[in-house]
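So the sequence lines, in the order shown, correspond to chains G and Y. Sequence positions in the first sequence follow my numbering and run 534 to 755. Sequence positions in the second sequence follow my numbering and run 2 to 225. Notes to accompany the following structure.
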Amino acid sequence: MGEIVFLLLSIICIGLIFVAHKYFGKEEFYFLAVIYAVVAFVMSFKTIQILGVNVNANVIFDTGIIFILYYFVNRYNYKESKKLMLTVLICVLITSMFLITTSIMVPSLYDRFSISYQNMLLDSLPIIIIYPISLLITMILSGYCFRELKEEKSSRFIKMLFTVIGIAFIETCIFVYFSYAILIDFRKALLIALDCCLVKIILMVVFVMLTNKIFKVKKVKQ
Amino acid sequence: MNYAILLVETILICFMLILFYKQSKKNGLYLCVAVLSSILGITSYKLIDISGFQVNLGLPILMGIFICSNIIIQRYGLDELKKIVIDFLVSYISVFLFVNLVGVISYSEYNLVSNLAYDELFAYNLVNLRIFVSHIISITFLLCYNGYVYYSIRRNKNSLLFSNIGSMLVIQFIESIIFVLMSYIFVYDATELFGMIVVRYLIKVVIGLIGTLPVYVIVKMKDK
C-alpha cells in the first residue's frame, strides 16, 4: 500500500510539472512551487518505510522543487530563478512560523489535536530549523550547477546525472543526517541518511530524464 | 497568551501581503492566497478557548485570504473573482490531499512520536474531514459573495475603508454561521454553537479592521 502511494505521489509530482509546462505559464509554476514548498515542509515531520527503507516523507516534493528550479534555469533567466528561490524560502519560513504559533497556543479543554501538533513540531524542532537552511543551500547550489550545465555542449546528460547525485547527497547530508542526529543519535541518523540518499538519487535521476522529455513537448500557452 | 499570538499572526499576515505585493504585484497577491490557503489546510483543526467559547485556529489566515481578495478586486476588478476562487480551491484541496496521502503510508520505527502525531493529525481523520469540507463550502461561497458585495459598495460609495469594512461585517457573519454549523452541529449544544459563532465573528472583525491597513498601504503603493 505504502509503495503504491509513494509511486502515486511521485507521478503526481512530475505530472503536475508536465501539466504546468504544457498548458500554463510562469505564474502557474510559481503557484506549483509554493504548494510543493508547503507540502514538503509539512511532510518532513514524518519518516516513512518504503520497501524496508526508512526515508523522510518530504523526499518527493523536495525533489519537485529542485526540478521546478531546473525548469526555470533552462526556460527563463537567472533573475527569475532567484525570485523563485526567494518565494519558496519565504513560504517555508511562513509555514514554519504558523505551525509554531499553532502548537504553542493554549488549547481548549475539548481539543483533541493540540498534543499532536506539539508532538509533531516541538519534538522535531531540529527539522524546523535545519530544513529551511538545507533547502536554501540546495537551491543555491542547484541553481548554480544548472546554470553552468546549460552552457555545456559535450556529454551534458552524464554531467547532469552526476550533478543531481551530488545535490541529493549534499541535501541528505545537511538535512536528514543532522536533523536525525540531533533527534535520535549519530549512528542511526547515518543509516536513515544513506537510505534517504539512495531513494532521492533514484527519484532525481528519473525526474531528470522526465524533465528533459517535458522540454521537448510543445507548449499550448507561450 | 492566545490573544498575543493571534495579534502576532495578524501582523505577520499584514507584512506578508505587503511583501508579496512588492515582489510580484498582482501575481504576488495570487501567490499569497495560495500560501495562505495551503497553511489553512494544515493549521485549522486545533481549538482554543476565547471568552469561554471554543474557536478554531487559522482565523488570521482566513481573513488574509479575504483581504487579499478585496485588494485584487479593488485594483483589478470583479473579473478576477473566478481566478481567486480557483486559486484557493486548488491550493487548499491539493495540500490537504497530499499531506493526508502520506498519512496512510506506514511509518518508520525512528522518530516515532512525531510519526504518530502526524498520522493522528492528517491520516484522514473524520473530524478533520468535516472541518475541511466546511471550509471549502463556506470560503468558496463567501469569496464569490464577498466580491459582489465589495464591488457594489464600492460602486455606490467610492471609499476604500467603507467597502472593506462593510463587506467584512456582512460576509464574515455569514461565514461564521455556515462554518460553525457545518463543523460542529450535533457535537455541541445550541448555546455553545451560538457562542462559537459570536466569538469567531468578533475575532474576525478585529482582524479585519487591522487588515484594512495593508489594503490601504498596497492601494496607495500602486497609486505612486
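Yeah, the Cβ is synthetic: ideal placement off N, Cα and C, and Gly gets one too.
Check: Pick from Y:LYS26, Y:LEU18, Y:TYR119 and Y:SER70 that is closest to G:CYS624, judged by C-alpha positions; Outcome: Y:LEU18
Check: Sequence-distant residues of its chain with Cβ nearer than 8 Å to G:MET756 (five each side left out); Outcome: No answer is possible for residue 756 of chain G: the residues shown for chain G start at 534 and end at 755.
Check: Identified DSSP bridge partners for Y:VAL91; Outcome: Answer is none; Y:VAL91 lacks a bridge partner.
Check: Status (buried if at least 16 other CB within 10 Å, exposed otherwise) for G:GLU685; Outcome: exposed
Check: Interface partners of Y:ASN116 on chain G, CB under 7 Å; Outcome: LYS579 and THR580
Check: Helix, strand or coil at Y:TYR129 according to DSSP, with G and I counted as helix; Outcome: Reading the sequence as shown, one finds Asn at residue 129 of chain Y and not Tyr. Helix.
Check: Those residues which DSSP pairs with G:PRO640 across a bridge; Outcome: Y:ILE49
Check: Residues bridged to G:ASN587 [DSSP beta-bridge criterion]; Outcome: G:GLN582
Check: Endpoints, beta strand (DSSP E) assigned at Y:ASN57; Outcome: 54-57
Check: Under 9 Å by beta carbon: chain Y residues contacting G:ILE717; Outcome: TYR111 and ASN112
Check: Within-9 Å CB hit, G:GLU560 to chain Y; Outcome: yes
Check: Minimum length 4: unbroken alpha helix (DSSP H) runs contained in the stretch 4-84 of chain Y; Outcome: 60-77
Check: Bridge-paired residues (DSSP) for Y:ILE186; Outcome: Y:TYR189
Check: Candidates Y:LEU63, Y:ILE73 and Y:GLU110, of which the one nearest Y:TYR217 by Cα; Outcome: Y:ILE73
Check: Minimum C-alpha distance to G:SER647 - residue among G:LEU658, G:PRO659, G:ILE660 and G:LEU632; Outcome: G:LEU632
Check: Contacts that Y:MET17 makes with chain G (C-beta to C-beta distance below 9 Å); Outcome: ILE623 and ILE627
Check: Close-in-space but distant-in-sequence residues of the same chain around G:LEU694 (CB under 8 Å, 5 per side omitted); Outcome: VAL738 and VAL741
Check: Helix, strand or coil at Y:TYR111 [DSSP, three-state]; Outcome: coil
Check: Pairwise C-alpha distance: G:ASN589 and G:LYS733; Outcome: 10 Å
Check: Distance, Y:PHE133 Cα to Y:ALA35 Cα; Outcome: 16 Å
Check: Beta carbon proximity, Y:SER95 to chain G, threshold 9 Å; Outcome: yes
Check: Reduced DSSP secondary structure (H/G/I, E/B, other) of G:ASP718; Outcome: coil
Check: Close beta carbons around G:TYR713, own chain, < 6 Å, minus the five adjacent residues each side; Outcome: ALA722 and ILE725
Check: Chain-ordered chain Y contacts of G:PHE646 [CB-CB under 7 Å]; Outcome: TYR46, LYS47 and LEU122
Check: Residue interval of the alpha helix (DSSP H) (run including G:GLU684); Outcome: 658-684
Check: Cβ distance (whole Å) where G:VAL709 is taken to contact G:LYS555 below 8 Å; Outcome: Contact doesn't hold; Cβ gap of about 33 Å is too wide.
Check: CB contact check: G:ASP656 to chain Y, cutoff 9 Å; Outcome: yes
Check: Pairwise C-alpha distance: Y:PHE180 and Y:SER45; Outcome: 12 Å
Check: Minimum Cβ-Cβ distance from G:LEU632 to chain Y less than 9 Å; Outcome: yes
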